[in-house]
Amino acid sequence: AQTVTQSQPEMSVQEAETVTLSCTYDTSESDYYLFWYKQPPSRQMILVIRQEAYKQQNATENRFSVNFQKAAKSFSLKISDSQLGDAAMYFCAYRSLYTGANSKLTFGKGITLSVRP
Amino acid sequence: GAGVSQSPSNKVTEKGKDVELRCDPISGHTALYWYRQSLGQGLEFLIYFQGNSAPDKSGLPSDRFSAERTGGSVSTLTIQRTQQEDSAVYLCASSLSNQNIQYFGAGTRLSVL
Chain Z
-19 AQTVTQSQPE MSVQEAETVT LSCTYDTSES DYYLFWYKQP PSRQMILVIR
31 QEAYKQQNAT ENRFSVNFQK AAKSFSLKIS DSQLGDAAMY FCAYRSLYTG
81 ANSKLTFGKG ITLSVRP
Chain R
46 GAGVSQSPSN KVTEKGKDVE LRCDPISGHT ALYWYRQSLG QGLEFLIYFQ
96 GNSAPDKSGL PSDRFSAERT GGSVSTLTIQ RTQQEDSAVY LCASSLSNQN
146 IQYFGAGTRL SVL
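Respectively, the protein sequence lines represent chains Z and R.
Residue -19 is where the first sequence starts when you use our numbering, and the numbers rise one by one after that.
Residue 46 is where the second sequence starts when you use our numbering, and the numbers rise one by one after that.
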């Protein structure tokens, strides 16, 4: 079974600064997807970024980028130029590449990010 | 609809009562997932539907929990004889197929008194 670990329960960043959220995972599979989801107080989970394990290039989406280290099973999220609207809970998630019953997401415990004005 | 819709947004019930939670997925999405988010356990998978069938029910915590999906669209999660430990946010997600990105609803916050 796959596990996802987010060891930092809370982090804080100054507005306009950069912050990195950590995530590690454990799997015996060679191909899979990794995700970062954002959950604001509205509760609706929003996809921030996705990484395919078979791609060596790190995914980027505007101010969001990842550092994917497959051998180390590490998948951190970097938020540049932090904005007040980035304050939320962030979840790292894993999903198997293959079809069938393994398409569920396995989540870490999440990290609460606060942004100081 | 434009997104995944869940109702009710909040539900307060008494211990021992049955509750039904509804999920209306994005139109055309064949895959539908239920997850539970609680303080102690984080986000846990409950059940996955492909069309109207449920190939993976492995996350349902007890036989008090059941779910169905009709017409390949709306899904209902039913909890019978609710217990205080059932208090949580129940999230629904849908995707175009089981290989695509999952889009989430805003969840139902269930409080069992």
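Positions of the beta carbon are idealized from the N, C-alpha and C atoms, including for glycine.
A quick note: this is a predicted structure, and the numbers were derived from the prediction, not measured.
Three-state secondary structure (DSSP) of residue i
i	result
serine 83 (chain Z)	helix
glutamate -10 (chain Z)	strand
leucine 158 (chain R)	coil
glutamine 147 (chain R)	coil
glutamate 9 (chain Z)	coil
leucine 64 (chain Z)	helix
glutamate -3 (chain Z)	coil
glutamine 129 (chain R)	helix
leucine 20 (chain R)	Chain R is shown only over 46 to 158; residue 20 (chain R) falls outside these bounds and no answer can be derived.
lysine 18 (chain Z)	strand
arginine 96 (chain Z)	strand
methionine 69 (chain Z)	strand
arginine 43 (chain Z)	coil
tyrosine 108 (chain Z)	Here chain Z comprises residues numbered -19 to 97, so residue 108 (chain Z) is not present and cannot be evaluated.
serine 2 (chain Z)	coil
valine 28 (chain Z)	strand
valine 134 (chain R)	strand
valine 57 (chain R)	strand
Residue i versus residue j: straight-line alpha-carbon distance, rounded
i	j	result
glycine 116 (chain R)	threonine 75 (chain R)	10 angstroms
leucine 84 (chain R)	alanine 133 (chain R)	8 angstroms
lysine 58 (chain Z)	valine -7 (chain Z)	12 angstroms
threonine -17 (chain Z)	lysine 89 (chain Z)	10 angstroms
tyrosine 17 (chain Z)	valine 28 (chain Z)	5 angstroms
serine 98 (chain R)	glutamine 144 (chain R)	17 angstroms
phenylalanine 87 (chain Z)	arginine 75 (chain Z)	9 angstroms
glutamate -5 (chain Z)	tyrosine 70 (chain Z)	17 angstroms
arginine 114 (chain R)	glycine 104 (chain R)	17 angstroms
serine 64 (chain Z)	arginine 126 (chain R)	Here residue 64 (chain Z) turns out to be leucine, not serine, going by the sequence shown. Between leucine 64 (chain Z) and arginine 126 (chain R), the C-alpha separation is close to 42 angstroms.
valine 64 (chain R)	aspartate 61 (chain Z)	44 angstroms
proline 53 (chain R)	serine 111 (chain R)	17 angstroms
arginine 155 (chain R)	lysine 102 (chain R)	It is leucine, not arginine, that sits at residue 155 (chain R) in the sequence shown. Between leucine 155 (chain R) and lysine 102 (chain R), the C-alpha separation is close to 21 angstroms.
serine 139 (chain R)	proline 106 (chain R)	21 angstroms
phenylalanine 90 (chain R)	cysteine 137 (chain R)	10 angstroms
glutamine 147 (chain R)	serine 72 (chain R)	13 angstroms
glutamate 41 (chain Z)	leucine 1 (chain Z)	15 angstroms
serine 98 (chain Z)	cysteine 3 (chain Z)	With chain Z represented from -19 up to 97, any question about residue 98 (chain Z) goes unanswered, as that position is not in the structure.
Cutoff 6 angstroms; reference residue i; Cβ partners in own chain excluding five residues on either side
i	result
leucine 77 (chain Z)	Asp11, Tyr12
leucine 66 (chain R)	Leu122, Tyr135, Thr153
phenylalanine 48 (chain Z)	Gln31, Asn38, Phe55
phenylalanine 15 (chain Z)	Arg30, Ala73
asparagine 55 (chain R)	Arg154
threonine 92 (chain Z)	Glu(-10), Met69
Spatial neighbours of residue i in its chain, beta-carbon cut-off 7 angstroms, leaving aside the 5 residues before and after
i	result
leucine 88 (chain R)	Tyr80, Gln82
glutamine 129 (chain R)	Lys60, Val157
phenylalanine 50 (chain R)	The question names phenylalanine, but residue 50 (chain R) in the sequence shown is serine. For serine 50 (chain R), where only same-chain residues beyond five positions count, the Cβ hits under 7 angstroms are Asp69, Gly150.
arginine 109 (chain R)	Ile124, Gln125, Arg126
serine 142 (chain R)	Thr75, Ala76
Spatial neighbours of residue i in its chain, beta-carbon cut-off 8 angstroms, leaving aside the 5 residues before and after
i	result
arginine 96 (chain Z)	Ser(-8), Val(-7), Gln(-6), Glu(-5)
threonine -2 (chain Z)	Lys58, Ile59, Ser60, Asp61, Ser62
valine 119 (chain R)	Arg67, Cys68, Asp69, Pro70
leucine 85 (chain Z)	Phe15, Ala73, Tyr74, Arg75
glutamine 19 (chain Z)	Met25, Ile26, Ala68, Met69, Tyr70, Phe71, Gly90
Distance cut-off 7 angstroms: residue i Cβ against heavy atoms of the ligand ADP
i	result
asparagine 55 (chain R)	Summarising the ligand content, the structure contains no ligands, and the ligand ADP is consequently not present.
Contiguous beta strand (DSSP E) assignments of at least 3 residues, all confined to the segment 60 to 113 of chain R: 64 to 69, 76 to 83, 87 to 95, 98 to 101
Touch test, the segment 1 to 15 of chain Z against the segment 58 to 66 of chain R, Cβ-Cβ under 8 angstroms, three pairs minimum: no
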